[in-house]
Structures are given as C-alpha cells and as structure tokens.
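Notes to accompany the following structure.
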Amino acid sequence: MLALVNTPTKQTPVELRDVAEPEAAPDQAVVAVQAFSLNRGELSLLKNRPEGWRPGQDIAGIVVQPAADGSGPGRDTRIVGLVDDAGWAQRAAVPTARMAVLPDTVSFAAAATLPIAGLTALRTVRLGGALLGRRVLITGAAGGVGRFAVQLAALAGAEVMGVVGRPERATGLRERGANTVVTNIQEATGLFDLILESVGGASLAAAIRLIAPEGTLVMFGNSSGEDTTISFQSFVGHHGARLIPFFSYLAGPPASFGADLAVLVSLIEAGKLTPPIGLEDSWHNFGPATTALRDRRVQGKAVFHVD
C-alpha cells in the first residue's frame, strides 16, 4: 500500500512510498483511510523524526478489518479515529477505544479535523467549568483548535474574545460565536474566567494578568517558541486562579477519546459545530500545504483526501 513517509533531508518533508500493510493488535481495527488532517505540531515532528518515520494522527475512513477482540464497529462502518502515527496511509490500524462511528451526514473531511484539534478544544473548554455568562479569552483563535474552542465556548453560553495574529485571520470567527476579535492580547480588557493560551512567551505573561480571581488559564501550546518569566507578583489580584498545562494524549483515559469524538461528531451532525477546514486537497499535493500552514496562510485545519 501507499503511505506518506518522513524525508527530513529532502526538499519536501514527506513522500509517497510503498510500505507494508498495518499489523493490527487485538483491540485495533484496520481502516481504509479516506481523509486525514495535518496539525501544526506535526510540522515539528516532520523536522525532528528520522528518515522513514510514518507520520499521521487524525484519520477518517471505513473499517475493512474489525478488531479481533470483538470491540469496536464492524466491517464497512464509517469512523473517525486518533492514532499515534502512521495514519497518513491508504490503511491504518486504529485502537477501537480511540474511534467514533460517523453518520452518513458527516463527511470524512469534516471528521478528519476532529481528533487532535477538536479533542483539545473540547477538553480545554471543559476545564473552565460552567461557562454560562462567563468571559473566555482564546489566543491563536484562527487555528484549528482556536476555531473549535470559539464555537464550543459560545455554545456553553460564554462571552468569547479571540486573539489572532493578523486582521484577515479573523474571517469567520464572529459568525462562529466570537463576540470580539483582537490582533494583540494587549488589546484585551477586563478579566476572564477562562483563558486558553497557545502562543507562550509574552502572550502567556499577558494572559496571566487577565485571569479573574478563581479563574482558569490553560496552556496547551507555545507557538512563539519563547520562554515566559513569571513570579508570585504575576498573580497578585488573581486570588485562587489556576494555571493548568494541557497535553492532548495525557488528558483522560484512552477509552474517553472515542467517547469525546462521538460528542464532537454529534455536534457536527446537529449543525451546532462547523469543522474549520481552511485547506482541502489531495494527499498528492501535501508538500505545498505544509508551507502554507507554517506561514499561517491556512485559517483552521488542512485536510487531505487519500485518492
């Protein structure tokens, strides 16, 4: 079968090669991948992993070999799933605890946006507790996680402010639930009950000054690559505020991944959540898309069809 394989020493980050068929563990189903998405964090993996490594985490497709232990859906079932790697391929072995069934009304492309970005948004928004009437600030709001988080926080009844890097990257955020969009966190005024922070550096330092007493600041990225200097004085006036680091794969037991993917799928099916697809193409055109994503020319998620 064909798969995208890491080529860090070449001009393009990956190339299509013939590889062995996946060997499924008893609790894994073999899935014919129809679409997958690229996360910004995977750009770093492509640079740092060795030649021949098989990337890919977010996939959607059709079960062609059910799990041997009897868990999970049967043959020909449409699913979305999260894998550790090797997902950018014609077929992939997917743990049944990390998959959810797709109704016919949810496309493979839409579903492929969900595993990393959707789960991160859902679980970080939940860390804010009851959000009805509360204020939420989301940095990196134009990205895949950010666009999901804006919608989910708005659905929970929050007043949402998004921070984007450039004015043109704000497109669609107000329609998806953002009450206010700014291009610099320094423009944010007042205090926020929940802050989702993915930029790091000066942005994180500014976010700490904006946490309401008893509020929650969730750090789930560091796209700036900068360190942040904080001290006890940073929290003066923010009594009881929580600072929480969030890591996707460590957030909850493995079985909960599939359950939460099902929640996100149901929201899409009900028309309450719009997948933030900023780029959609064939996997044969994968290379140019990595440059567009790195240069922040993609508003939301980059999705590829396995054709």
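Residue numbers for the sequence shown follow the numbering used here, beginning at 92 and rising by one.
Even for Gly, the Cβ is constructed at its ideal location relative to N, Cα and C.
All values reported here derive from a predicted model rather than from experimental measurement.
8 Å Cβ cutoff, residue i in contact with chain B
i	result
A383	Although the question refers to chain B, the structure presented lacks it and comprises just one protein chain.
Bridge partners - residue i, DSSP secondary structure assignment
i	result
S373	H396
M190	G172
N97	V105
A151	A126 and V171
V272	G253
R226	E250
P336	M310
I302	F283
Q156	V121
V236	V236 pairs with nothing; no bridge assigned.
C-alpha distance - residue i paired with residue j, whole-angstrom precision
i	j	result
A191	A203	11 Å
A393	E133	12 Å
V356	A111	31 Å
G378	K101	11 Å
G291	T274	15 Å
N97	R385	17 Å
V254	E114	43 Å
S339	V397	25 Å
A245	A297	23 Å
G172	A180	13 Å
L301	A293	13 Å
T103	L136	14 Å
R140	A279	38 Å
S314	R260	16 Å
For residue j and residue i, believed in contact at Cβ under 8 Å, the rounded distance
i	j	result
Q156	V121	4 Å
G220	G248	The Cβ separation is near 12 Å, so there is no contact.
P175	P146	For the record, residue 175 in the displayed sequence is Asp; it is not Pro. Wrong, their Cβ atoms sit about 10 Å apart, outside the cutoff.
V227	E250	7 Å
G281	R387	Incorrect: roughly 27 Å between the Cβ atoms, too far for contact.
L341	T319	That pair is no contact at about 21 Å.
L222	L285	7 Å
Check whether residue i and residue j have beta carbons under 8 Å apart
i	j	result
F283	T211	no
T230	E317	no
V124	A183	yes
D160	D118	yes
G331	E305	yes
T243	V272	Looking at the sequence itself, residue 243 is Leu, so the reference to Thr does not match. Contact flag unset, no.
A269	M252	yes
L264	A232	yes
I335	L218	yes
R267	T307	no
V197	I368	no
A200	E371	yes
L93	L107	yes
F337	S373	no
F127	G163	no
G391	R169	no
G234	R166	no
heavy atom of the ligand NAD below 7 Å from residue i C-beta
i	result
P99	Absent from the structure shown: the ligand NAD. Ligands present: none.
Tell me, please, whether the region 199-213 touches the region 149-165 by the rule of three or more beta-carbon pairs shorter than 8 Å.
-> Put simply, the region 199-213 touches the region 149-165. At least three CB pairs are less than 8 Å apart.
Three or more C-beta pairs closer than 8 Å, one from the region 342-349 and one from the region 318-325: is that the case here?
-> No, they do not touch.
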